[in-house]
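Reminder that position 48 of the sequence shown reads as 64 in the working numbering, one-by-one numbering, no gaps. All C-beta atoms in this analysis are idealised placements derived from N, C-alpha and C, irrespective of residue type, glycine included.
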Amino acid sequence: AATRTLLQITVDEAAEAENIMSVLMGDDVEMRKEFITTNARDVRNLDF
Numbered sequence: 017a018a019t020r021t022l023l024q025i026t027v028d029e030a031a032e033a034e035n036i037m038s039v040l041m042g043d044d045v046e047m048r049k050e051f052i053t054t055n056a057r058d059v060r061n062l063d064f
């Protein structure tokens, strides 16, 4: 059976999440590549 996890976030975390989503889902490919390259080593659980 599948389970879901609900996480409560603060306004600061929401703003940061919005920024990250804009980078990852936006039209600026170079910015996305730079973000992924910079942060790839810090990934612990890709499928949270």
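### Task
Could you pull the start and end residues of the alpha helix (DSSP H) that Asp43 belongs to?
Here Asp43 belongs to no alpha helix (DSSP H), and DSSP marks it neither H nor E.
#### Entry: Cα-Cα separation between Glu32 and Val45, rounded to whole angstroms
19 Å
### Task
Name the residue from Thr53, Arg48, Arg57 whose alpha carbon lies nearest to the alpha carbon of Asn35.
Arg48
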